[in-house]
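One structure is given here, and the rest of the page talks about it.
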Amino acid sequence: EGDKLPPEHTVSQYETCKVRTIKAGTVEKLVENLLTAFGDNDFTYISIFFSTYRAFSSTKEVLELLLDRFGNLENSICEEIQNGISFESKRELRFAIASILRAWLDQCSEDFREPPSYPCLLKLLDYLKKNIPGSDPEKKAQSLLEQFQNQEMEINDGLHNPFLCNLSDEEELEINSAEELEFSFFQDSLVAEQLTYMDATLFKKVESHYCLGSIWSRREKEENRHLVPTIKATISQFNAVTKCVIRTILKTKVKMQQRAKIIEKWIHVAQECRLLKNFSSLRAVVSALKSYSIYRLKKTWAYVSKDAVLMLEELSGIFSDSDNHLTSRELLMKEGTSKFANLDSSVKENQKRTQRRLQLQKDMGVMQGTVPYLGIFLTDLIMLDSAHQDYIEGGLINFEKRRKEFEVIAQIKLLQSACNSYCITPDPRFLQWFRQQQHLTDEESYSLSYELESVPDNSTTPPKSRKSMVKRISLLFLSSEMAGHSTPIREQPAKLSVRGGSFEESTDSSSVSSEEASSSPRSSESSSKPLFFKDEGSVDTTDSGSIPAPAPSPISTPKALHLSSRASVSKGKSCSPKEECFVGPGDIMASKSPLPVYNEQREDACIIRVSVNDSKGNMYKSLLLTCQDKTHAVIRRAMQKHNLDAEAADDYELVQVISKAKVLALPWNANVFYAMNTRVNFDFILRKKA
Numbered sequence: 003e004g005d006k007l008p009p010e011h012t013v014s015q016y017e018t019c020k021v022r023t024i025k026a027g028t029v030e031k032l033v034e035n036l037l038t039a040f041g042d043n044d045f046t047y048i049s050i051f052f053s054t055y056r057a058f059s060s061t062k063e064v065l066e067l068l069l070d071r072f073g074n075l076e077n078s079i080c081e082e083i084q085n086g087i088s089f090e091s092k093r094e095l096r097f098a099i100a101s102i103l104r105a106w107l108d109q110c111s112e113d114f115r116e117p118p119s120y121p122c123l124l125k126l127l128d129y130l131k132k133n134i135p136g137s138d139p140e141k142k143a144q145s146l147l148e149q150f151q152n153q154e155m156e157i158n159d160g161l162h163n164p165f166l167c168n169l170s171d172e173e174e175l176e177i178n179s180a181e182e183l184e185f186s187f188f189q190d191s192l193v194a195e196q197l198t199y200m201d202a203t204l205f206k207k208v209e210s211h212y213c214l215g216s217i218w219s220r221r222e223k224e225e226n227r228h229l230v231p232t233i234k235a236t237i238s239q240f241n242a243v244t245k246c247v248i249r250t251i252l253k254t255k256v257k258m259q260q261r262a263k264i265i266e267k268w269i270h271v272a273q274e275c276r277l278l279k280n281f282s283s284l285r286a287v288v289s290a291l292k293s294y295s296i297y298r299l300k301k302t303w304a305y306v307s308k309d310a311v312l313m314l315e316e317l318s319g320i321f322s323d324s325d326n327h328l329t330s331r332e333l334l335m336k337e338g339t340s341k342f343a344n345l346d347s348s349v350k351e352n353q354k355r356t357q358r359r360l361q362l363q364k365d366m367g368v369m370q371g372t373v374p375y376l377g378i379f380l381t382d383l384i385m386l387d388s389a390h391q392d393y394i395e396g397g398l399i400n401f402e403k404r405r406k407e408f409e410v411i412a413q414i415k416l417l418q419s420a421c422n423s424y425c426i427t428p429d430p431r432f433l434q435w436f437r438q439q440q441h442l443t444d445e446e447s448y449s450l451s452y453e454l455e456s457v458p459d460n461s462t463t464p465p466k467s468r469k470s471m472v473k474r475i476s477l478l479f480l481s482s483e484m485a486g487h488s489t490p491i492r493e494q495p496a497k498l499s500v501r502g503g504s505f506e507e508s509t510d511s512s513s514v515s516s517e518e519a520s521s522s523p524r525s526s527e528s529s530s531k532p533l534f535f536k537d538e539g540s541v542d543t544t545d546s547g548s549i550p551a552p553a554p555s556p557i558s559t560p561k562a563l564h565l566s567s568r569a570s571v572s573k574g575k576s577c578s579p580k581e582e583c584f585v586g587p588g589d590i591m592a593s594k595s596p597l598p599v600y601n602e603q604r605e606d607a608c609i610i611r612v613s614v615n616d617s618k619g620n621m622y623k624s625l626l627l628t629c630q631d632k633t634h635a636v637i638r639r640a641m642q643k644h645n646l647d648a649e650a651a652d653d654y655e656l657v658q659v660i661s662k663a664k665v666l667a668l669p670w671n672a673n674v675f676y677a678m679n680t681r682v683n684f685d686f687i688l689r690k691k692a
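Written as structure tokens, this is what we have:
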């Protein structure tokens with residue numbers, strides 16, 4: 003008080019204190035620490051545990067430990083002394099267990115969905131009725147059981163399936179299906195609002211713990227097929243938006259100038275999504291506009307206004323993969339929980355439009371939520387799962403890894419909470435129109451595109467290929483339709499493997515799910531800009547480059563083509579076998595020296611995928627295999643790529659996956675190129691010898 007400081011001056015005083023954190027432990031000790039953490043008011047530990055325990059335990063095991071071992075009130079005093087739990091009475095212990103169980107039911111109620119008998123939920127109810135009758139957890143558990151049973155009855159009657167996460171249970175559409183509405187009928191703001199309504203509804207239903215890399219990367223296993231339904235629903239919605247954009251542009255029978263107006267309309271819809279902070283549909287629309295079937299329409303793009311093209315470039319820059327998607331991450335940090343979008347545009351038309359819309363939102367007092375591009379979080383969690391060990395020395399569970407994973411999950415939960423700020427009324431006409439859109443296959447979209455403008459531009463230069471770990475690992479996100487065959491069926495490369503734009507899977511040399519690789523259907527040309535899921539085929543996740551202003555001259559940079567079978571680079575173009583090679587449409591020609599590709603032996607080389615048999619099954623590396631390579635040489639190269647240099651190559655063997663129950667073991671000095679089975683996927687496993 004004696005200091006003479008100016009009125010606006012403030013003083014912040016900090017105090018450093020030690021905080022007890024758990025780095026590792028057994029399941030028993032981690033469960034026991036739930037009680038200790040509650041006594042120490044460490045509620046963060048409880049949230050971390052319940053958000054991540056599925057990676058190292060099960061609901062049944064945790065419940066048994068919590069109730070039978072630590073919740074046995076008859077022996078609670080003995081347990082306190084034995085385990086060092088600082089509770090003075092049974093009453094305090096009872097209160098602690100009730101609070102922990104309530105947090106579990108509130109945060110992770112889906113853990114107890116085990117139809118038809120619901121054993122864990124019934125065990126929990128029985129415990130609460132005996133030991134804590136009339137408590138809030140008991141009422142919550144009873145209500146949850148009734149809810150699950152009612153939903154199960156509806157599923158059996160064919161009325162409703164909560165796992166499908168359909169939007170139809172949110173609104174009733176009463177509109178004549180015969181009534182055909184054109185896309186131009188809807189205002190830009192209405193389209194963006196309805197897309198945001200659908201995206202936000204699905205995003206709020208996402209079970210964040212299913213995003214864990216250890217769960218998401220193994221979703222295609224038979225025992226895990228029932229998992230991640232909420233994430234798959236979000237992915238399906240993303241793909242639906244992408245395909246809707248492509249269809250409205252290609253399928254509409256109008257003049258070139260009018261088709262350019264449709265493209266401009268979608269660009270304005272993307273900008274409206276940006277104002278609504280809906281980054282999911284924003285990326286889907288931008289992705290579709292940069293797909294090859296749309297991007298190559300240079301004559302149509304010539305009629306698109308310069309301001310619209312510049313606006314599209316600005317929006318595309320949001321999803322640049324440079325610096326680990328730094329732009330997208332900064333936007334989420336800046337606007338994730340803010341009331342309104344913060345925009346800084348260099349396009350004059352965009353500035354005026356944005357200022358009017360933002361001012362209108364502020365005048366009406368309408369707060370906006372945020373719908374993120376889920377792929378960024380899934381990528382981060384898969385990278386964390388791959389970079390950190392599940393167990394440390396002594397077989398203890400690495401809880402520091404779970405703490406890092408929870409930091410990502412907490413961001414997802416925060417954004418889900420922010421989505422409650424949206425106040426959007428569903429529009430039955432638009433939702434009906436959107437659902438009735440018949441999506442084009444890749445082949446159909448290319449065919450229509452070439453019908454509209456049949457002559458390719460031979461004077462174009464391909465966009466630069468960006469290479470980043472996040473770009474390549476984005477392939478780990480595979481749409482629910484990708485669930486494939488039980489026996490790996492060889493993926494035949496298409497004539498031209500073009501980069502596409504729905505959520506997709508990459509064939510790059512970085513981390514991938516070996517199971518997905520073996521079960522994915524036949525590769526086909528993609529129809530839109532690559533992101534992280536695709537309905538069929540292999541993918542790449544490199545950005546396509548920016549679209550140059552089309553006026554007054556036509557677009558000079560169409561979407562690049564990815565070299566595949568029966569296509570190679572003309573003279574003057576070259577690339578190393580380990581790099582992706584891209585050419586424009588005019589550079590494709592027959593060649594006597596085709597480049598090696600995955601799943602096809604070309605003359606004396608091919609690409610194979612090698613994963614490590616470490617029980618995760620979510621990582622592979624792509625290797626160039628020549629007709630001179632022996633097994634021991636391939637093993638050493640694979641070990642180097644998987645950072646196993648410190649171990650002895652003699653301790654490992656190389657096997658090719660033939661089916662779920664059958665592998666082909668390759669002798670140490672065998673020629674892998676000639677010994678491998680070419681009728682199945684070129685997927686190999688590096689495993690320790692028995």
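Going left to right, the sequence shown walks through residues 3 to 692 as our numbering numbers them.
Virtual Cβ for every residue (Gly too), placed ideally from N, Cα, C.
Nearest to residue i (by Cα), restricted to the options the options
i: residue 297; options: 399, 158, 452 and 233; result: 452
i: residue 682; options: 209, 198 and 666; result: 666
i: residue 105; options: 154, 136, 46 and 67; result: 46
i: residue 293; options: 328, 321, 270 and 245; result: 245
i: residue 200; options: 659, 626, 283 and 328; result: 283
i: residue 384; options: 68, 408, 31 and 396; result: 408
i: residue 404; options: 55, 20 and 381; result: 55
i: residue 96; options: 600, 108, 112 and 131; result: 131
i: residue 236; options: 380, 640, 188 and 394; result: 380
i: residue 270; options: 203, 188 and 144; result: 188
Environment of residue i [buried if 16+ CB atoms lie within 10 Å]
i: residue 274; result: buried
i: residue 374; result: buried
i: residue 186; result: exposed
i: residue 103; result: buried
i: residue 117; result: exposed
i: residue 238; result: buried
i: residue 19; result: exposed
i: residue 313; result: buried
i: residue 621; result: buried
i: residue 34; result: buried
Within 8 angstroms, strictly: CB atoms of residue i and residue j
i: residue 26; j: residue 637; result: no
i: residue 51; j: residue 37; result: no
i: residue 125; j: residue 65; result: yes
i: residue 1; j: residue 58; result: The question about residue 1 has no answer, for the chain in this structure spans 3 to 692.
i: residue 401; j: residue 69; result: no
i: residue 301; j: residue 455; result: yes
i: residue 321; j: residue 288; result: yes
i: residue 253; j: residue 450; result: yes
i: residue 195; j: residue 24; result: no
i: residue 377; j: residue 421; result: no
Simplified DSSP state of residue i, which is helix, strand or coil
i: residue 325; result: coil
i: residue 685; result: strand
i: residue 16; result: coil
i: residue 243; result: helix
i: residue 610; result: strand
i: residue 657; result: strand
i: residue 234; result: helix
i: residue 27; result: strand
i: residue 589; result: Residue confidence for residue 589 is low, a pLDDT of 37 falling below 50, so the modelled location carries little weight and cannot support an answer.
i: residue 409; result: helix
i: residue 320; result: coil
i: residue 292; result: coil
i: residue 632; result: strand
i: residue 624; result: strand
i: residue 399; result: strand
i: residue 208; result: coil
Distance cut-off 7 angstroms: residue i Cβ against heavy atoms of the ligand ZN
i: residue 301; result: With respect to small molecules bound, the structure shown includes none, and the ligand ZN cannot be examined in it.
CB contact check: residue i to chain C, cutoff 8 angstroms
i: residue 309; result: Looking at the structure shown, chain C is missing, and only one protein chain is on hand.
Counting Cβ pairs, one atom from each stretch, are 3 or more of them under 8 angstroms apart for the stretch 204-213 and the stretch 407-421?
yes
Looking at C-beta atoms only, is the number of pairs between the stretch 266-281 and the stretch 294-310 that lie closer than 8 angstroms three or more?
yes
If contact is defined by three or more beta carbon pairs under 8 angstroms, each pair taking one atom from either stretch, is the stretch 666-675 in contact with the stretch 633-647?
yes
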